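Student: Respectively, the protein sequence lines represent chains A and B. In terms of UniProt numbering, the first sequence opens at residue 1 and continues consecutively. In terms of UniProt numbering, the second sequence opens at residue 1 and continues consecutively. Next up is a structure, given as C-alpha cells.
Number of protein chains: 2
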Amino acid sequence: MRLAVVGAGAVGRAVADLAGEYGHDVVALADSSSAAVGEGVDVEAALATKDDTGRVGEHDPEAALEADYDVLVEATPTTLGSAEPGFGHVVSALERDRHVVLANKGPVAERYDDVRAAERESAGSVRFEATVGGAIPVLSTIADAGPGQVTAARGVLNGTANFILTRMAAEGLDYEHVLAEAQDLGVAEADPSFDVEGTDAALKCVILANVLGDGGYTLDDADVTGITDVPGEALELAAEDGRTIRLIGEVVGDRVRVGPRLIPEHGTLAVSGTRNIVQLETNHAGRLNVSGRGAGGPETATAVFSDVGRLPPLE
Amino acid sequence: MRLAVVGAGAVGRAVADLAGEYGHDVVALADSSSAAVGEGVDVEAALATKDDTGRVGEHDPEAALEADYDVLVEATPTTLGSAEPGFGHVVSALERDRHVVLANKGPVAERYDDVRAAERESAGSVRFEATVGGAIPVLSTIADAGPGQVTAARGVLNGTANFILTRMAAEGLDYEHVLAEAQDLGVAEADPSFDVEGTDAALKCVILANVLGDGGYTLDDADVTGITDVPGEALELAAEDGRTIRLIGEVVGDRVRVGPRLIPEHGTLAVSGTRNIVQLETNHAGRLNVSGRGAGGPETATAVFSDVGRLPPLE
Numbered sequence: 001m002r003l004a005v006v007g008a009g010a011v012g013r014a015v016a017d018l019a020g021e022y023g024h025d026v027v028a029l030a031d032s033s034s035a036a037v038g039e040g041v042d043v044e045a046a047l048a049t050k051d052d053t054g055r056v057g058e059h060d061p062e063a064a065l066e067a068d069y070d071v072l073v074e075a076t077p078t079t080l081g082s083a084e085p086g087f088g089h090v091v092s093a094l095e096r097d098r099h100v101v102l103a104n105k106g107p108v109a110e111r112y113d114d115v116r117a118a119e120r121e122s123a124g125s126v127r128f129e130a131t132v133g134g135a136i137p138v139l140s141t142i143a144d145a146g147p148g149q150v151t152a153a154r155g156v157l158n159g160t161a162n163f164i165l166t167r168m169a170a171e172g173l174d175y176e177h178v179l180a181e182a183q184d185l186g187v188a189e190a191d192p193s194f195d196v197e198g199t200d201a202a203l204k205c206v207i208l209a210n211v212l213g214d215g216g217y218t219l220d221d222a223d224v225t226g227i228t229d230v231p232g233e234a235l236e237l238a239a240e241d242g243r244t245i246r247l248i249g250e251v252v253g254d255r256v257r258v259g260p261r262l263i264p265e266h267g268t269l270a271v272s273g274t275r276n277i278v279q280l281e282t283n284h285a286g287r288l289n290v291s292g293r294g295a296g297g298p299e300t301a302t303a304v305f306s307d308v309g310r311l312p313p314l315e
Numbered sequence: 001m002r003l004a005v006v007g008a009g010a011v012g013r014a015v016a017d018l019a020g021e022y023g024h025d026v027v028a029l030a031d032s033s034s035a036a037v038g039e040g041v042d043v044e045a046a047l048a049t050k051d052d053t054g055r056v057g058e059h060d061p062e063a064a065l066e067a068d069y070d071v072l073v074e075a076t077p078t079t080l081g082s083a084e085p086g087f088g089h090v091v092s093a094l095e096r097d098r099h100v101v102l103a104n105k106g107p108v109a110e111r112y113d114d115v116r117a118a119e120r121e122s123a124g125s126v127r128f129e130a131t132v133g134g135a136i137p138v139l140s141t142i143a144d145a146g147p148g149q150v151t152a153a154r155g156v157l158n159g160t161a162n163f164i165l166t167r168m169a170a171e172g173l174d175y176e177h178v179l180a181e182a183q184d185l186g187v188a189e190a191d192p193s194f195d196v197e198g199t200d201a202a203l204k205c206v207i208l209a210n211v212l213g214d215g216g217y218t219l220d221d222a223d224v225t226g227i228t229d230v231p232g233e234a235l236e237l238a239a240e241d242g243r244t245i246r247l248i249g250e251v252v253g254d255r256v257r258v259g260p261r262l263i264p265e266h267g268t269l270a271v272s273g274t275r276n277i278v279q280l281e282t283n284h285a286g287r288l289n290v291s292g293r294g295a296g297g298p299e300t301a302t303a304v305f306s307d308v309g310r311l312p313p314l315e
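Laid out in C-alpha cells, this is it:
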C-alpha cells in the first residue's frame, strides 16, 4: 500500500522508517510545517532533513493530504474536543475514498460518531488499533471475538503512571521523587499531566467504550482520577495485605472510569514498569488478557502496520 | 455462513449450539456414525437425539461432507501421523472450493505442507485458531504482527498439566495424588497421557512452528518431555528460590521443545490452574502476551467463530 504519513513525531517517524520492511511505500510524510511528497519518498533523507532543519520537506504540509496514497496514517498529536486537525485529516482521506489508520486518539475518542458517519459515505475504512495499548492487539481481539461478545474491558493503559506507581511500591519513595526519576528517564514528559492525571488512559477507555457500545462516548463521559495524590503510605499499607495500587481503566455497562485501584500485587493486572495490559470479559470464552508494550515509536508503528495489513485493496 | 460441523464432541456441540448467536446456520452436524443434514438443522433436537441414542441424525456421516455449506468446521478428535480422517475432511472441503476451520490439530501439526498445497489449489481458505490455545487469539496475533516479525513463541499450552503442577506446588502433594484429583474434577482424562506426557502441548508448538516458519514441521521434530516424573520435592526447592515448575512449550529458531521448566513463581508465564498463556517475541514490538482459557467447548468454539468471521465470502 502507498502510505501518506501525517505527523513526524516518534510514531510517524517509525512508521515511515519501517514501511519498506512491511512492503509498503511512503508517498508523503508531513510534519506540522512541511511535507515531503513523491512516488517513493526518501524517508531516511527526509528524517535527516528534519533533524537538521526542523522540516521534513519542501512542500506545504497540506500537500501530503493531496498526494496519491491508499492509506493516510494519522499520527499527529492527540487533541481533545473537536479533535482538530486530526479529525479534518480523517475526513479529507475518507472524502477521497481512501483508508485511514489512526495513531491519534482524538478523532475516535472525541468524534467517534462523526468518524463512523464519514466512513459510511466512503469507500475507505478507518482503523485505529494503535490508539489503544500501543503494540498490544486489543481492538483486533475485540473485533475477532465480536464486540457484542465482550461484556467488560479493564486494564493498565498508561505506562508512565504505571511506571511511577511500580517504582513507588518497589522503593518506598513518594510520588514527587519518582516523577522526577521518570522525567529523567524520559518515561514522563516535562509536563506529565496528560499521563499522571489519567487523561491518556481515559481516552483509551473512551475509545474502547465506543467500540464495545458502537459509539456515543467522549472524554466527558469518563470518570477520571489520576495518581498525583497517591501517598507512599497507601502503597506500604497495600503491600502488607499482599496488594498494590495501580491506575486502572475500566469499561463495563455504560460506565467508563479511570482511577487508582487496589489490586493483588502478584495478580495479572499488576504488570510492571511501562507495560500495559487489557483484560476482556467475554460471554463464552471467560477472561482474555493481552499485554505488552503500550507505547513507543516502533511499538506503536507495529499496530499501524497490523491495521494496514487488514485493509481491503481500493479500486 | 452455512456451517457443516463434523465432530460432535465438546467443541463440535458448542459450535453447533452457538452458531445462531453468531449469525450462522448449521446445515450439517456429524458424529462418528451419523449426520443430521438440512437447510437449517435443528441443532437442539439433534443434540438431544445424540444424548438419547448416541447418534445425531438419520444420515450416514459422509452426508455432512456432501452438504451445501460454506465452511466445514472440522472438530473430530486429533489424530497423529496421517491425521485421518481429519485430513481427508479438509481435502474434501477444499476440493469443493469451500472453506475449512479446524479445531482438530492433526492436519496442521502433522500434514501442514499438504494442507497448504491443497489450499493453494482451492478457492477456499483454511484457518485454525482453535488448534492453539483455545479461546486465546494466538494465531490471529501472529498474523497481524506478520509471522516474519515474530522471532519466538513460548508458553503454557496444556491446561491439564498446568493444573497438576499448580496444585502440586500449592499443596505440597505429589504427582499421583494431584492427577487423581484432576481426574475426579474432569480436568484430566481417564487416560491422561496425551496431556501429561506433553503431546498435546507439543502439537500446538508444532503448529506454531509451521505458522512461523511457513511449514516443514511435524510432531517428530519436537523434543518432548512431560510432567510425569516431576517430584514434589523439586517444586519445594523451586519455591525456596522464588520459582516454580511448569510445562513450557517453546518455538525459537528451528527448535520446538516442550518440557518442565523453572520459571519465576510470580512471573507472567506462571498462569494458574487450567489457564494457558502464549508469549511472542517480536522484532519491533518487544514481548506480547496473550492468555486465557485454553480449552473447553464454548471457549474453543469462540475461536472457531473468530476464524469464520475472517473468511471471505465464496462465489
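Note that beta-carbon positions come from the ideal geometry of N, C-alpha and C, so glycine has one too. If you're wondering where the values come from, they're calculated on a predicted model, not measured in any experiment.
Scan the stretch 116 to 146 of chain A for residues whose Cβ lies nearer than 9 angstroms to a Cβ of chain B and list them as they occur along the chain.
Tutor: Cβ contacts with chain B come from E129, G134, A135, I136, P137, S140, T141, A143, D144, A145, G146.
Student: Using the beta-carbon count (16 or more within 10 Å), is A48 (chain A) buried or exposed?
Tutor: Exposed.
Student: Kindly indicate the opening and closing residues of the beta strand (DSSP E) around Q279 (chain B).
Tutor: Q279 (chain B) -> beta strand (DSSP E) spans 275 to 282.
Student: Could you check what DSSP says for G148 (chain B) in three-state terms: helix, strand or coil?
Tutor: Correct three-state label for G148 (chain B): helix.
Student: For P312 (chain A), count neighbouring C-beta atoms within 10 Å of its own C-beta (all shown protein chains included) and say buried if the count is 16 or more, exposed if not.
Tutor: So P312 (chain A) ends up on the exposed side.
Student: Go to P107 (chain A), then tell me how far its alpha helix (DSSP H) extends in each direction, as first and last residue.
Tutor: Taken as a continuous stretch (DSSP letters only), the alpha helix (DSSP H) holding P107 (chain A) covers 106 to 110.
Student: According to DSSP, is V73 (chain A) part of a helix, a strand, or is it coil?
Tutor: Strand, per DSSP.
Student: Say whether chain B places a C-beta atom closer than 8 angstroms to the C-beta of H99 (chain A).
Tutor: For H99 (chain A), the answer is no, since every Cβ of chain B falls outside 8 angstroms of its Cβ.
Student: Starting from residue 321 (chain B) and walking both ways along the alpha helix (DSSP H), at which residues does that stretch end?
Tutor: Residue 321 (chain B) is absent from the model: chain B starts at 1 and stops at 315.
Student: In three-state DSSP terms, what is E265 (chain A)?
Tutor: It is coil, neither helix nor strand.
Student: Less than 8 angstroms between the C-beta atoms of A130 (chain A) and A303 (chain A), yes or no?
Tutor: A contact, by the Cβ cut-off of 8 angstroms.
Student: Can you tell me whether P231 (chain B) is buried or exposed, with buried defined as 16 or more other CB within 10 angstroms of its CB?
Tutor: When all chains shown are included, P231 (chain B) counts as exposed.
Student: Only counting the same chain, and skipping five residues up and downstream in sequence, which positions put a Cβ closer than 6 angstroms to that of R127 (chain B)?
Tutor: Within the same chain, R127 (chain B) has close Cβ partners V101, D307.
Student: Exposed or buried, which one is H89 (chain A) when buried takes at least 16 other CB atoms within 10 Å?
Tutor: When all chains shown are included, H89 (chain A) counts as buried.
Student: What is the residue span of the beta strand (DSSP E) that H99 (chain A) lies within?
Tutor: Its beta strand (DSSP E) spans residues 99 to 102.
Student: First and last residue of the alpha helix (DSSP H) that includes G207 (chain A)?
Tutor: Residue identity check: residue 207 (chain A) is Ile in the sequence provided, not Gly. Its alpha helix (DSSP H) spans residues 199 to 213.
Student: Interface residues of chain B around N276 (chain A) at Cβ under 7 angstroms?
Tutor: Per Cβ cutoff of 7 angstroms: no residues; N276 (chain A) is ~11 angstroms from chain B at best.
Student: Who are the near neighbours of A301 (chain B) in its chain, counting only those whose CB is closer than 7 angstroms to its CB and skipping five residues on each side?
Tutor: Closer than 7 angstroms at Cβ, skipping near neighbours: V11, A14, V15, L18.
Student: How is T78 (chain B) classed by DSSP in three states: helix, strand or coil?
Tutor: T78 (chain B): coil per DSSP, three-state reduction.
Student: Are at least three pairs of beta-carbons, each pair with one atom in the stretch 278 to 285 of chain A and one in the stretch 145 to 165 of chain A, less than 8 angstroms apart?
Tutor: Yes: at least three Cβ pairs fall under 8 angstroms.
Student: Please confirm whether residue 345 (chain A) has its beta-carbon closer than 8 angstroms to some beta-carbon of chain B.
Tutor: Chain A is shown from 1 up to 315; residue 345 (chain A) falls before or after that span and cannot be answered.
Student: Are the beta-carbon atoms belonging to G81 (chain A) and N104 (chain A) less than 8 angstroms from one another?
Tutor: No.
Student: Assuming T49 (chain A) is part of the alpha helix (DSSP H), what are its boundary residues?
Tutor: Unbroken alpha helix (DSSP H) run through T49 (chain A): 43 to 53.
Student: Do V6 (chain B) and E74 (chain B) have their CB atoms nearer than 8 angstroms?
Tutor: The answer is yes: Cβ separation under 8 angstroms.
Student: Based on DSSP bridge pairs, tell me the residues matched to E240 (chain B).
Tutor: DSSP lists no partner for E240 (chain B).
Student: If we count Cβ pairs, one from each stretch, closer than 8 angstroms, do we get three or more for the stretch 171 to 179 of chain A versus the stretch 198 to 208 of chain A?
Tutor: Verdict: no, contact absent.
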